[in-house]
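Residue numbers (our numbering): 37 to 96.
Okay, structure first, notes after.
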Amino acid sequence: VPVLALLGELDAELSGAEVRRIADQVPGAEVRTVPGAARLPSLERPDLVAGAVRELLGRR
């Protein structure tokens, strides 16, 4: 199952280290930072999130 963990570049509540630690628990999981997004990357930068999902699914 493809797993993509997205972190908003400007998220003040969740650190990149925390997201990577969680993703490390899932074999093959990917972590990406969404530029210009804070807590809700899918609402703040839907263009970048959709592109990341399309790219992930295109490799499967």
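Where is the CB? At the ideal position from N, CA and C, for every residue including glycine.
Bear in mind the structure is a predicted one, so any value in this text is a computation, not a measurement.
Annotated three-state conformation of Leu-79 is helix, per DSSP. Note: Ala-59 is not bridge-paired with any residue in the DSSP secondary-structure output. Boundaries of the beta strand (DSSP E) around Arg-68: 66-70. If you draw a 10 Å sphere on the C-beta of Val-39, you find fewer than 16 other C-beta atoms in it, and that means exposed. Taking 7 angstroms as the cut-off, the beta carbon of Ala-59 is found closer than this to the beta carbon of Ala-65.
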